[in-house]
Every structure is written in C-alpha cells, then in structure tokens.
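S.K.: Shown below is the structure under consideration.
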Amino acid sequence: MAKDYLKEFEHHVLLALLRQGHEGYSVPIIAELEERTGRDVAPAAVYITLRRLEQKGFVESELRSAEPQEGGRERRYFAVTDREQVWEARRVYMNLWEGLEEGR
Amino acid sequence: MRTAAARILRLILPHMDRRHVLDELEELYELRVQGQGQAAADRWYRRQVRTFVLRVLVPGRGGRRAPKGPEEHWRQRKMRNRLDVLWQDLCFALRTTCRWPGFTVMIVLILGVGIGGNVAIFSVLKALLFQPLPYPEPDRLVQVWQTHIDYRTRWPFSSPDYLDVREQNRSFEEFGAYSPQRFTVGRVEPERVYGATATAGVLRAYGVEPALGRLFTEGEELEGNNRVAVLSDRFWKRRFGAEPEVVGTAIAINGGYYQVIGVMPHGFEFISPWSPGEHVAVWTPLALSRDGASRTNQWLLGIARLRPEVTLEVAAAGLRAIASGLGEQYPSTNARKQLWVNPLKRQIVGDVRGQVLLLMGAVALVLLLACANVASMLLAKSARRRTEMAIRSSLGAGRWRIVGQLLTESMVLSLLGGIAGTLIGVAGLGAMRSLIPRDVPRMADVTIDGPVLLFSLGLALLTGLIFGLAPALHGSRSEVSEVLRGVRGGHTVRGGRARMLGFLAVGQLAIALVLTNGAALLYVSFRNVIRTPQVFDAEQTLTASISLDGDRYAENQARVGFWNQLLDGVAALPGVDHAALTNQLPLLGGINDEILSEEETFESRGNGTLTEITFISPDYFDAMGIPLLAGRALGDGDWQESVRGNVVVNKTLAERYWPGENAVGKTIRRNADPASWTAAIVGVVEDVRQWGPERNPIPQVYFPHERSTWNASWLVLSSKSDPLSHVPAIKNEVARLDPGLVVSDPRRMEQVFDSTTLQRRFITRLVGLFAVVALVLAMAGVFGMMSHEVAQRTHEIGIRAALGAARTNLLAMALGRALRLASIGAVIGIVGAVLSARVTRQWVFGMSGTNPAFMAGLVIFLLIVAVAATGVPALRASSWESALGIPPQRA
Chain A
70 MAKDYLKEFE
80 HHVLLALLRQ
90 GHEGYSVPII
100 AELEERTGRD
110 VAPAAVYITL
120 RRLEQKGFVE
130 SELRSAEPQE
140 GGRERRYFAV
150 TDREQVWEAR
160 RVYMNLWEGL
170 EEGR
Chain B
46 MRTAAARILR
56 LILPHMDRRH
66 VLDELEELYE
76 LRVQGQGQAA
86 ADRWYRRQVR
96 TFVLRVLVPG
106 RGGRRAPKGP
116 EEHWRQRKMR
126 NRLDVLWQDL
136 CFALRTTCRW
146 PGFTVMIVLI
156 LGVGIGGNVA
166 IFSVLKALLF
176 QPLPYPEPDR
186 LVQVWQTHID
196 YRTRWPFSSP
206 DYLDVREQNR
216 SFEEFGAYSP
226 QRFTVGRVEP
236 ERVYGATATA
246 GVLRAYGVEP
256 ALGRLFTEGE
266 ELEGNNRVAV
276 LSDRFWKRRF
286 GAEPEVVGTA
296 IAINGGYYQV
306 IGVMPHGFEF
316 ISPWSPGEHV
326 AVWTPLALSR
336 DGASRTNQWL
346 LGIARLRPEV
356 TLEVAAAGLR
366 AIASGLGEQY
376 PSTNARKQLW
386 VNPLKRQIVG
396 DVRGQVLLLM
406 GAVALVLLLA
416 CANVASMLLA
426 KSARRRTEMA
436 IRSSLGAGRW
446 RIVGQLLTES
456 MVLSLLGGIA
466 GTLIGVAGLG
476 AMRSLIPRDV
486 PRMADVTIDG
496 PVLLFSLGLA
506 LLTGLIFGLA
516 PALHGSRSEV
526 SEVLRGVRGG
536 HTVRGGRARM
546 LGFLAVGQLA
556 IALVLTNGAA
566 LLYVSFRNVI
576 RTPQVFDAEQ
586 TLTASISLDG
596 DRYAENQARV
606 GFWNQLLDGV
616 AALPGVDHAA
626 LTNQLPLLGG
636 INDEILSEEE
646 TFESRGNGTL
656 TEITFISPDY
666 FDAMGIPLLA
676 GRALGDGDWQ
686 ESVRGNVVVN
696 KTLAERYWPG
706 ENAVGKTIRR
716 NADPASWTAA
726 IVGVVEDVRQ
736 WGPERNPIPQ
746 VYFPHERSTW
756 NASWLVLSSK
766 SDPLSHVPAI
776 KNEVARLDPG
786 LVVSDPRRME
796 QVFDSTTLQR
806 RFITRLVGLF
816 AVVALVLAMA
826 GVFGMMSHEV
836 AQRTHEIGIR
846 AALGAARTNL
856 LAMALGRALR
866 LASIGAVIGI
876 VGAVLSARVT
886 RQWVFGMSGT
896 NPAFMAGLVI
906 FLLIVAVAAT
916 GVPALRASSW
926 ESALGIPPQR
936 A
C-alpha cells in the first residue's frame, strides 16, 4: 500500500538521491538537483524535505564522520528504504502522462 | 559576517541537526568560493541563513517538526485556529479604527499624552535611579564624610584627618581626597573651567584608566612635584583639538605651568556631590601635609573604593573605630567628629530622587486618568454597537469571542497610542532637557533607548488592558432578543453601563483633584519662595567672579592690593555707585565655622554656634543693599593684628546671643583652643539667606578682607543704570591691571536668585502642565458621559416632558446627577490629596500641605468644572425638541 503521495519537490529530492546510488548526503544531492533542474536550490529546503521523506518512511538516515580524525566534519547520509515505493510513484505518473503530447 | 550568520544558525537549528548542517553548509560554501568567488559565496551563505531562519522558525513552512500523533495534530489545529482568530480580530480592529477616524485620533491622542509623559519621565528616572554609575564596579564607590557625632552632617575632611584615616583604614582599596575648584587655563585667551585638585587615589578610586598617558602617582602629591595635570577628553578635544602630542607638554593653569600627563577616556564624567551637573575638565595633584594644617579647617571631599570583600557595614564599623581613636587622640578638635560612608550613587541621586519620583507619580496619575477617559469613550461607543454585537452573538459568537475581539480593538488603539506616546515622549524630553536645571546630575545619560521603548510598549499593552477590559466585558453582554426586537437598551445593560460610566467619571474627577491640589500647592509654594523678602537689591546689583591666580597673588597683601586698585577703578566708572568684594554671595552657600561668645567656654569642636564666615571689602553692604541695623559698617584698618580685629554680624547672631540687647561692643571668638581669632562687634546688619531662598538665615560674621582674601572672589557693584552695561568697562579695568585674569559669570543678583529656584520652577511648571491636562481630560470625560446619558434617555425625557415635567426639573435632574458624581469624586480626591501630601511635603513652602480652606476651594472649583461640563448636554435635554424625543433636524 502506498504510504503517502509524494509532493513534487520530494519527488525531485528522492530521484536525486537515487542517482547518487541510493545513498548520499546533502551536498551531492544539491549539486545534482541544481545541475538537472537548472535552478538554485536552497539547502534548507532540501534538509526539510529529506526529514519529511524520513517521516513518511521513504528514506532513513545516519550520522557519519567524513574524516576519521577527531573534530572531522560530520555528514548525515540518507538511503532509500523502499525502492518499490518510488517505482510505484513513477508508474502512477507515467499512467497519467500516457497519451498526452506537448502542445495539446 | 559569515561567522555571525553561522552563529544565528547554531542558535536556531535543532540540536540533532546542528553540527552536520553547519558542516555540510560549509562544504557547499567552499564549493561556491571555488566556483564563483568569495564575495558571491558570502552573499549566498547569508541568503541561506535567511532561508533557514524563515523555514525553521515560521510555522507551517517545515522545520522543527517531530512526527505528529493525533494529539499533536489537534494541538496544532487549535493553535492555528487561534492564530486565525487573532488575525481576523486584528484585521477587523484595524477596519474599525479606520471606520471612525475622528474617534480613533481622539483616543490615540489622549493615550499618547498619557503614555508620552510617562516615557519622558521614565527615561529620566531610569538614567538617575536604575542605571549604575558609569564606572567599573560602581557599587564599590563610596563618598566619605566627616559628620557630627550626634546628627548627620556632610562635613568635608581636614587634611590631617584625611591623612590619618588613609593610613589607618583597612576597608578601602583606594581612598582619595579632592577639592573642587575653578581653574584658569591658558595664557592666550585664558578660560575658566571646573576642575579639582586631587590626591592620586581619587581618579584611581573611580577605577577608570586614562585614554592617553597616565594618572598621578603618590610622589606627585608633594609640593614641588605637583606641577602635572590630567585633562578630560571633552576639554582635550575642545581646547587642544585632540592632539595626542599635548601629553608631555606644559600648559598654563592659574598662571603657572603644568605638564599634561594624561587624558581621561571619552565619556568619563567626574561626578561629585558639590558640583553634580558640572563637567570637570582638569585635575591637578593635591599636595597635603600635616605640618601647620589644622584639624578644624575642613575642605576636602573624600572618595573611596571599597575592597572587593568589604561590605558597607564593615567599612562603616572600621571607620567608626578610627574616628573614636582620633577623638581620644585629639579631643579638642575631634571629640564630636564621626565618619560616614555613603555609596556614591545614593549620594548623587539622593538629592533629586524625590522630585523625579514626584513627577513619575504625577504622570502615572495622568495616564490612569487617560485610561478612565478612554474607557468611558469606548463604553459609550459600545452602546452604539449593541446591534452589531447582538448580530454577532446570534450568529454563534460566544461571549469570550466577543470579549477577545473588543480587547483586540483596544490593544490596537493602545499600541497606536504607544507609538504616539513615544513620539510625544521624545519631543517632551527634548523640551524638558532645556528646562532641567543644570545641577541635576547625569542628564547626558537620559535617552530614549531600548529599555525605555520596551517600557512604553509594556505601558501601552497594560493601558490597553486597563481601559479595554470594562468596555469589552460590558459590550459583550448584549441581550440578543431585545436588541433585535428594537427595544431601546435592555434595562440591566443600560443600568450597568450608566453605573460604570458614572464610576469612571468619579475616578477621573478624583484624579484631577489630586493633581490640581498638588499643582496648586506647588504653585503657591513657588510664589511664596520668590516672594520671600530678600534684603539685597536684586535688580541694581551686578556680581562677577574674578580669580587671582599665580605666584604674584600668593600673599594676602598682594591680593588686597589688587582688589583695592580694582575697586577704586570700578567705583570711579561713571554710573557706578558702590563697588565691593566678597568671598561668597548670598543664596549660593558658603563656608562656615563655629564661634563662641565671651561668656562661653571652650569644650570641643562641634559644640560652638555654626556661623557663616564672609570676607568683605568696606563698601559691601552699600553695594549689595544690605541695611545696617546698628553700629557701623567695616572700614579700612578694622583688622590690623593677625588674631584680633572688628567684625559685623547679622541679626540672627545678635539675637541668638544678646536678645533685646545691643550687640555692638560685644566680642566673639572662634570655637577652638587656642582661639585663632577674637573679634569685637562694631555693627549689626539685616539677615541674608546664605543657603538659598528656602533656608532660614543662620548666624553670620562679616570679616574685613584685610584678614583674608580668597583667590577667587566676587566683585559686587551697584548702579542706578542697567548694571550689566558696566561689564565691558569692568573687563577693561581688570585687563589693565592683569591681562591674564578672567571675569566670569557676570550676573545681576536677580539672575543669581533665579538660578537658585530653577528646580522648583521646573517641578512647578511640569506638575502644573499635568494638572491642566488632567482637568481638561476630566472635564471632557464628564461632558462625554452626560452627553451620552442624555442621548440614551431622550425617550424617557420625552415621556416625562409629555407628562408635564417642567424644563427646570429636567435640567435639575441632569445637574443633580453631575453634582452627585462630582461630590463622590471630590471625597475620594480629598483622601488622595491627603495621602499625596506625604510626597509633596518636601516641596511645600510657607503653607500647610493639608490646608482645609485650600482644599475646600479646590472642591468648589471641581464642582464648578463638573457643572460646566454638564451644562451643554443638560440644556439640550431640557429643550423642547429633544424633550419630545425629536432628534434635531438635519439641514
């Protein structure tokens, strides 16, 4: 059963995360989004969306240190939990798109 | 800049996200720096922080949200509902205020006046009472006085006493002594400035480091080493153009050269109890020695910094022990002396505290009155909005919902009033600043700043609650069916509203009575003060201060020589009748000593008669216009030996020692062992008030100036023409004798007198202004209430008229109610006035603070005010058109 519908930006973030190989942290996700959508993306929006996706159960996260030494930078890694769910969303979209052409 | 932004983020982010978000943002930032450069990246970072702030803090835009359970969900829904309601109420309140612009402007103005007065006075109160003195750890700063053992006096120290206390005490980290004085600075264009000669401990006690150079050392307290000076920042900038090279160079002070060794930091004010409002510009070291200095010669102010662990009580106990030790060691001079430590702040603020609190009380009453006034306006208005409220409640609005809406409306009004009040306060403070007497300390610190604005916001909200609550509770109590059926005012509602309006009118009248009583007391007292007979000739007497500085005036002979030459020159000026010299002018305070008559024997200092000591030249009484009552005035040669001579005394002294007898021919001597002088009385003169127009004369002795002439003295001359016209000629005369001297403060005695009544004048004017505002508001309040009542009772009056009630009966009915209310207001007001007499007591002069005749007059005045305010609405009620219930025709 579908847990929840995905809003547009959630969809974007989720796809950007998948393109990272199912797992990644904010910096490459933001880079990916900016490159693919051609728009500036506010990190705050991405954090909040990732949190919301986690609440909805689409992703899970853990804290990791980027460098092994003391005082190294910290990152929160997100991973897609249920790929089936995402594909389901894609199917819904494709169904809705089917038969439509640009300009009509 | 970026660190500040990061700090904001650290503050708002939830703990669990803080570190990694900041780290990742840093990473993104670094990427931007590489790609777009530092400046663009900085801008980007700041933009991101703004976004975070908006998203995290503004509800509904994501952010700090934990997973929602059903309760959480409902809580949020409820919260959002409440916010929606508030928003609706706000919009509605704004629309309402715009719907009746005249009404709104009126209320905002009334509140503005009430709040504005409070804001202005509060800003003064805050600077004086709440703000700590501008020194490090100001609570440790104390003023040290010598005092009489039996009662509190503010005696300065003698130098041997000061040196002994400095040696023996264990409570002070620093203990300095100083003598405030005027310095003449510069040889070219010399000017007179306030300054102090001070021991090394004085500036160190204040705990402020110099901005340039250094402070004095103990070594510079020795005669010969003391030719150094420290300047204030303001004086350094003004006189020396802020040249740092001034430090190390020599400047002329009082005719000698002093090396500038330091400049105090910007903003440092040397606050001293003898010249609280003056800017002290120069400090030079004070050279003290025990040799030859008498313990009876008390002239030094003591200032100390307590050690960190020492409390005021411990310090006081230690000083008491020292004082009793000195008393045993030097019984003839110190047996009656005690020591007293007073925190510097209390010392400085103590004298003006009473008047600021009095003004604060007065403005608080004005605001309360404004609240009552606005409340009655809103209450009357709520009568007109009964239909609206009835419709609201029939559509399902609960009572509290309506109360909330009405309260929101009053809050909007009160906030607008708060804004108007702050503006009025700023303007009022500007006007007040020019009126505040100069001797009120710390006036430079009075500003409308954050805390004052917060105060005015708080006041506005409180005001809104006070004046809004009663009308809101009342307005929400509409009886739906009656109103919608068109019944003119349900009985309970109308009765309740009339009662409430009456209550508010009574309150306003009572407050107005209290304020008018205070203002009238102050006014009459002020008039009593300025009408106090002054024996001197206020209009035709000129005074000016001249200071003989430098080594050539070190001997009294040289000073007397100079003065005699000057007096001869000035007396010869055309139009000048008499010219003389004195060391202290009437009214401005002075020096005193203790004397004994020939019958009294010496016991110890502290037991003699406290007597003003004035040194004058022969023509002084004529120049000042002081009448001679017996004997003769002083002439040349009245003091030829050093310890013996002739003096003139005032009436108070003569009557104290020889009541009913002729004092001429009697002798007096100084209360010391041995007496350093003995004098024969050759004349008695009328009393002058030496310590201001409000203090009774005390015994006074006039010595011929041959005995001792001060460096700084006052020139006094009388003239039939305008005395001020002689100032240029006097300046020429002084410059002819010595071009390095300055003639300062040329004033007529009238101006000297005015300067001593400034505080009283200021207080009287302000309270008078508040009382006028209060009276106008109260009158408007009664007028509004009666108009409303008449409008509400048009129907009833019409029926009464139709049934044969006479016009006079109807008029009497309205006036009767007004008089009833005014009488209740008067009774409450009298109680308030009697209670407030405690506060005004220190300002009442030459009359009783609770004079029954005075109060009766006030009550009659108040009744007249109430009747006058009722007149118009009452006449309208009794005219036949309205009596028949016919509304006036509109053209």
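From first to last, the protein sequence lines stand for chains A and B. Per the working numbering, residue 70 is the first one in the first sequence, and the count goes up by one each step. Per the working numbering, residue 46 is the first one in the second sequence, and the count goes up by one each step. The C-beta atom is built at its ideal place from N, Cα and C for all residues, glycine as well.
Can you give, in chain order, each stretch of the alpha helix (DSSP H) that sits fully within the stretch 385-421 of chain B and has at least 4 residues?
M.R.: none
S.K.: For B:Arg52, count neighbouring Cβ atoms within 10 angstroms of its own Cβ and tell me buried if that reaches 16, exposed if not.
M.R.: exposed
S.K.: Could you give the DSSP three-state label for B:Arg805: helix, strand or coil?
M.R.: Helix at B:Arg805.
S.K.: Going by DSSP, which residues form a beta bridge with B:Ala362?
M.R.: Partner(s): none; B:Ala362 has no beta bridge.
S.K.: So what's B:Phe202 in DSSP terms, helix, strand or just coil?
M.R.: strand
S.K.: List the DSSP bridge partners of B:Arg715.
M.R.: B:Ile640
S.K.: Buried or exposed for B:Ala823, please, with buried defined as at least 16 other CB atoms from any protein chain shown within 10 angstroms of its CB.
M.R.: buried
S.K.: Going by other Cβ atoms of all chains shown within 10 Å of its Cβ, with 16 needed for buried, is B:Phe175 buried or exposed?
M.R.: Exposed: under 16 other Cβ atoms inside 10 Å.
S.K.: What's the gap between the Cα of B:Thr712 and the Cα of B:Gly399?
M.R.: 43 angstroms
S.K.: For B:Gln343, is the classification buried or exposed, using 16 other Cβ atoms within 10 angstroms of its Cβ as the cut-off for buried?
M.R.: So B:Gln343 ends up on the buried side.
S.K.: Using a Cβ-Cβ cut-off of 6 angstroms (strictly less than) and excluding sequence neighbours within five positions of B:Gln579, which residues of its own chain qualify?
M.R.: none
S.K.: If the cut is a Cβ gap below 7 angstroms, which residues of chain B does A:Glu143 touch?
M.R.: Arg64, His65 and Asp68
S.K.: At the 9 angstroms Cβ level, is B:Thr96 part of the contact set with chain A, yes or no?
M.R.: yes
S.K.: Going by DSSP, what residue range makes up the beta strand (DSSP E) through B:Glu648?
M.R.: No beta strand (DSSP E) holds B:Glu648; DSSP gives it neither H nor E.
S.K.: Once DSSP output is grouped into helix, strand and coil, what is the label at B:Leu186?
M.R.: Correct three-state label for B:Leu186: strand.
S.K.: Taking the alpha-carbon positions, what's the B:Ile469 to B:Leu451 distance?
M.R.: 26 angstroms
S.K.: Is the separation between the beta-carbon of B:Asn695 and that of B:Gln745 shorter than 9 angstroms?
M.R.: Yes, the pair counts as a contact, with Cβ atoms nearer than the cut-off.
S.K.: By Cβ distance below 6 angstroms, which residues in the same chain neighbour B:Arg444 in space, the five residues on each side in sequence not counted?
M.R.: Ser521
S.K.: If we call anything under 9 angstroms between Cβ atoms a contact, is B:Lys847 one with B:Ala919?
M.R.: Checking the displayed sequence, the identity of residue 847 of chain B turns out to be Ala instead of Lys. Not in contact: B:Ala847 and B:Ala919 (Cβ atoms no closer than 9 angstroms).
S.K.: Let's test the definition: count the other Cβ atoms within 10 Å of the Cβ of B:Val917 and tell me whether it reaches 16, buried, or not, exposed.
M.R.: exposed
S.K.: Let's see if you can read the secondary structure: which residues bound the beta strand (DSSP E) around B:His324?
M.R.: That residue, B:His324, is in no beta strand (DSSP E); it is neither H nor E in DSSP.
S.K.: Tell me which residues share the same chain as B:Gly874 and place their Cβ nearer than 6 angstroms to its Cβ, disregarding the 5 neighbours each side in the sequence.
M.R.: Ala555, Leu558 and Val559
S.K.: Buried or exposed for B:Ile393, please, with buried defined as at least 16 other CB atoms from any protein chain shown within 10 angstroms of its CB.
M.R.: Buried.
S.K.: Are there 16 or more other CB atoms within 10 angstroms of the CB of B:Ser459, so buried, or fewer, so exposed?
M.R.: buried
S.K.: If distances are taken between C-alpha atoms only, which option among B:Gly509, B:Gly462, B:Arg792 and B:Gly870 comes closest to B:Val158?
M.R.: B:Gly462
S.K.: Based on Cα-Cα distance, which residue from B:Leu276, B:Arg572, B:Arg144 and B:Ser216 lies nearest to B:Val187?
M.R.: B:Ser216
S.K.: From which residue to which residue does the beta strand (DSSP E) around B:Val497 run?
M.R.: B:Val497 -> not in any beta strand (DSSP E); alpha helix (DSSP H) instead, spanning Gly495 to Gly520.
S.K.: Is A:Leu122 close to chain B? Criterion is C-beta to C-beta, closer than 9 angstroms.
M.R.: Judged by the 9 angstroms Cβ criterion, A:Leu122 is not in contact with chain B.
S.K.: Can you tell me which residues form a DSSP beta bridge with B:Lys947?
M.R.: With chain B covering only 46 through 936, there is no way to say anything about residue 947 of chain B.
S.K.: Strictly below 7 angstroms CB to CB, what residues from chain B border A:Leu132?
M.R.: His65
S.K.: Mind pulling the chain B residues with CB within less than 8 angstroms of A:Val96?
M.R.: Glu69, Glu72, Leu73 and Leu76
S.K.: DSSP on B:Arg845, reduced to helix/strand/coil?
M.R.: helix
S.K.: Tell me B:Asn695's beta-bridge partners as DSSP assigns them.
M.R.: B:Val730
S.K.: Consult DSSP for B:His623 and reduce its assignment to one of helix, strand or coil.
M.R.: It is a strand residue.
S.K.: Between which residues of its own chain and B:Gly829 is the CB-CB distance below 7 angstroms, once the five residues before and five after are set aside?
M.R.: Counting only Cβ-Cβ distances below 7 angstroms, and skipping sequence neighbours, we find Ser421, Met422 and Ala425.
S.K.: Is the number of C-beta pairs between the stretch 127-138 of chain B and the stretch 366-373 of chain B that are closer than 8 angstroms three or more?
M.R.: With the rule of 3 Cβ pairs closer than 8 angstroms, the stretch 127-138 of chain B does not count as touching the stretch 366-373 of chain B.
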